[in-house]
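The structure under discussion appears below in the form of structure tokens.
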Amino acid sequence: MTGHDEKQSDELVAVEHAAERLAQRFPHVPRTRIEQLVQERHEEFSGAPVRDFVPVLVEHDVKRFLLAETDGAQA
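The number in this note's numbering is simply the position in the sequence shown, starting from 1, with 4 added.
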């Protein structure tokens with residue numbers, strides 16, 4: 005495995021861990037919905053030249069979205 009492939013693999017694992025954390029934080033949201041949101045957001049970063057923070061950014065953006073969605077449902 006090359007260094008590039010290893011970094012991609014590490015990134016995917018980190019994104020999967022982010023989805024797990026989000027599923028724990030939002031147990032009322034179906035896991036498939038969280039995975040869909042994470043995948044969509046991850047794809048939006050596909051052209052990012054710096055990859056180090058992509059998993060953190062994905063988790064942050066999905067968490068913000070879910071919090072806003074939850075607040076909207078409670079209003």
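The C-beta atom is built at its ideal place from N, Cα and C for all residues, glycine as well.
Whether residue i touches residue j by CB criterion (8 Å)
{"i": "F49", "j": "L61", "result": "yes"}
{"i": "P59", "j": "V33", "result": "no"}
{"i": "D65", "j": "R45", "result": "yes"}
Exposed unless 16 or more other CB atoms sit within 10 angstroms - verdict on residue i
{"i": "A22", "result": "buried"}
{"i": "V54", "result": "exposed"}
{"i": "V17", "result": "exposed"}
{"i": "L41", "result": "buried"}
Cβ-based neighbour list, residue i, same chain, cut-off 6 Å, excluding 5 preceding and 5 following
{"i": "G51", "result": "none"}
{"i": "F30", "result": "L70"}
Integer Cβ distance of residue i from residue j, believed to fall under 8 Å
{"i": "E63", "j": "R25", "result": "7 Å"}
Residues near residue i by beta carbon distance below 7 Å, same chain, minus five either side
{"i": "S13", "result": "none"}
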